Each structure stands twice: as C-alpha cells, then as structure tokens.
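Q: Counting from 97, one number per residue, gives the positions in the sequence shown under this note's numbering.
We treat Cβ as the ideally placed atom computed from N, Cα and C, and that holds for glycine.
All values derive from a computational prediction rather than experimental measurement.
Sharing a structure, written as structure tokens. Questions coming.
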Amino acid sequence: AYVVVCNHLSNTDCFMVGSCFKGKPYFLCKKEWFKHKIVACFFSTCGAIPVDRDNADVQALKTCLKTLKDGKKLIIFPEGTRNKTNERLLPIKGGAGVLAAKTGVNVIPMYIRSKSRFLRRNYLYIGEPIDMSEYFGKRVDRATEEALAEKIRDGILATGDKMEEYFEAKKAKKSK
C-alpha cells in the first residue's frame, strides 16, 4: 500500500496517474461528481472515493484509512482542486500526509507536465518515494500536519524539477 500524490491540472489526471500502476487504484474525488447516478456509478466502479472538500469528511477519511490498511493504492491530488494558475503548485492540504503517517505507508510523488492546447501531449514523471517513517506511529497535531504537507510539496516539486532536467537534457541532445 502507498499514497500517490500529484499536481492536478485536468479532470482526466486520476485516470492518467492510475494507469501507471498494476491493479485497481483508488482516488479521492469531489462529491459533486456523485450528484448524477450514471456518473456516480462510473466513478465508483473506477475506484473513486467521494470527499466533501468544504467540511471535515470523516466518512472519506475512514474509507481512505481502510483502503490503505487493505494494502491498496490511494491517489490524492493534495492541492484539493485543479490548478488553473501559472503556479507550479497550489497550497498543499495535509490529508495525504496524515493518511500516510496513520497507516505507516510511504508516499510516491508524481508530476504532470501539460501544454495548454486542445489534444495536447501530457507527460507524467514518477519520483522517488518520500520516506514518511519518522512520522509513523506519532500523534499528528496541526504542526505535524503542516510538516507532512511541506514534505509532500517538496517531493512533488522535486519530481517536477527532475522532469524538467530530463526535458532540458533531451533538448540539448537534440540540438547537437
């Protein structure tokens, strides 16, 4: 079991990230997608866990904890919404780190690079696992939650940096 974290640019990100792993991944999805029965059925079949982003969603938390304790993969976009700005990442919410600390699993950071045109080619880079073991079994207070979120933010950004290094090296090799 592990938590996968990634920047969030598009409604299709969960499917792109999920396609990188064997087996069925589970992912958090805003509860608004579950208002229509057909869409709710589709997302539930795909492994979506509805979450109320405006309130502390205890049911979503319990479902995520059970998913990880059952040895499954959980995809979380810790920005909490799609990033439509020019910033590399929006502020990171603490849930992914708290789940990792409470269940004793590590975090795999990923980074999506996207071009802003229709039918664009997207790139997805998988980073080195973030070691969260220093937080396993410890009480998670507000300061710890913020430290966990910062560690995840650093991991996602480092993964994005490695992706950019790859593209720079590829560009340099091409120009020779």
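Counting C-beta neighbours from all protein chains within 10 Å, is the total for residue 175 16 or more, i.e. buried, or is it exposed?
A: What you label residue 175 is simply residue 79 of the sequence shown in a count that begins at 1. Its Cβ being crowded by 16 or more others within 10 Å, residue 175 is buried.
Q: Measure from the alpha carbon of residue 167 to the alpha carbon of each residue in 110, 193, 99 and 108, then state which is nearest.
A: Your numbering for residue 167 matches position 71 in the sequence shown. Of the candidates 110, 193, 99 and 108, the one whose C-alpha sits nearest the C-alpha of residue 167 is 99.
Q: Among the residues of its own chain, which have a CB less than 7 Å from the CB of residue 165, if the five just before and after it don't count?
A: Residue mapping note: residue 165 aligns to position 69 of the sequence shown, counting from 1. Same-chain partners within the cutoff: 199.
Q: In the DSSP output, which residue or residues are listed as bridge partners for residue 116?
A: Residue 116 sits at position 20 when you count from the first residue of the sequence shown. Looking at the DSSP assignment, residue 116 forms no beta bridge with any residue, so it has no partner.
Q: List, from N- to C-terminal side, the beta strand (DSSP E) runs of 3 residues or more that fit wholly inside the stretch 136-192.
A: Complete beta strand (DSSP E) runs here, min 3: 144-147 and 169-172.
Q: Assuming residue 252 contacts residue 154 (C-beta within less than 8 Å), just tell me the rounded distance between them.
A: If you number the sequence shown from 1, residue 252 lands on position 156. If you number the sequence shown from 1, residue 154 lands on position 58. Residue 252 to residue 154, Cβ: 26 Å. No contact.
Q: Rounding to the nearest angstrom, what Cα-Cα distance links residue 182 and residue 105 in this structure?
A: On the sequence shown, residue 182 is found 86 positions in, with the first residue counted as 1. On the sequence shown, residue 105 is found 9 positions in, with the first residue counted as 1. Distance between the alpha carbons of residue 182 and residue 105 is about 11 Å.
Q: Looking at C-alpha atoms only, which residue of 118, 111 and 186 is the closest neighbour of residue 97?
A: Counted from its first residue, the sequence shown places residue 97 at position 1. Residue 118 is the option with its Cα nearest to residue 97.
Q: Provide the residue span of the beta strand (DSSP E) that contains residue 206, from first to last.
A: What you label residue 206 is simply residue 110 of the sequence shown in a count that begins at 1. Unbroken beta strand (DSSP E) run through residue 206: 203-209.
Q: Could you tell me the boundaries of the alpha helix (DSSP H) in which residue 253 lies?
A: On the sequence shown, position 157 is the one that residue 253 refers to. Looking at the DSSP string, the run of the alpha helix (DSSP H) that includes residue 253 is 238-271.
Q: Cβ of residue 218 within 8 Å of Cβ of residue 112?
A: Taking the first residue of the sequence shown as position 1, residue 218 is located at position 122. Taking the first residue of the sequence shown as position 1, residue 112 is located at position 16. In this structure, residue 112 lies closer than 8 Å to residue 218 by Cβ.
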